[in-house]
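See below for the structure under consideration.
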Amino acid sequence: MLALILSGAALTVAIAAIIGCVVLFRKLTKLQATHSLLLKDLSKSRESLQKRIIELSTSNINLGGAIQGVASELQQTRFQQDEMKEEMTAHEQQDPDSRFYTRAVKLVELGASLDEIMRECELPRAEAELLLNFHKK
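With my numbering applied, the sequence shown covers 93 to 229.
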């Protein structure tokens, strides 16, 4: 009878072990499914980020080209401005009377009145009015 009890206990332990293995197997299967879903999500996120990096790189390259274009235009504008200053200086030196007009234009830009322009630059009223109207636009 003892042998029968022992074999019954052994059978119970074996059944409990099998049930435990089945439970663990189910948990492991669920964990593997969750792990697989997480890997798929990570893969999609990685692909999305790679696409975004490519888009940003392309935008960055385009922006760099645009900046270079603007810098080139700015440099060209500065060069033209310097040339114009040199021409104005040369013109002023060739025509001493033009310095009065140059000064009058500067006064207009500074907001001087008609009387101030006439007095400071020794210009007749008609010429001072003409300069004032022309450069205020």
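A virtual CB, placed ideally from N, CA and C, is assigned to each residue, including glycine.
Just so you know, these numbers come straight off a predicted model, no measurement behind them.
Residue i in three-state terms, based on DSSP
{"i": "residue 205", "result": "coil"}
{"i": "residue 215", "result": "coil"}
{"i": "residue 93", "result": "coil"}
When the options are compared against residue i, the one with the closest alpha-carbon
{"i": "residue 202", "options": "133, 171, 148 and 227", "result": "227"}
{"i": "residue 223", "options": "193, 208 and 214", "result": "193"}
Beta-carbon proximity check, residue i vs residue j, cutoff 8 Å
{"i": "residue 166", "j": "residue 196", "result": "no"}
*In chain order, which continuous runs of the alpha helix (DSSP H) of length 4 or greater are located wholly inside the region 112-182?*
Residue ranges of uninterrupted alpha helix (DSSP H) with 4 or more members are absent from the region 112-182; none lies entirely inside it.
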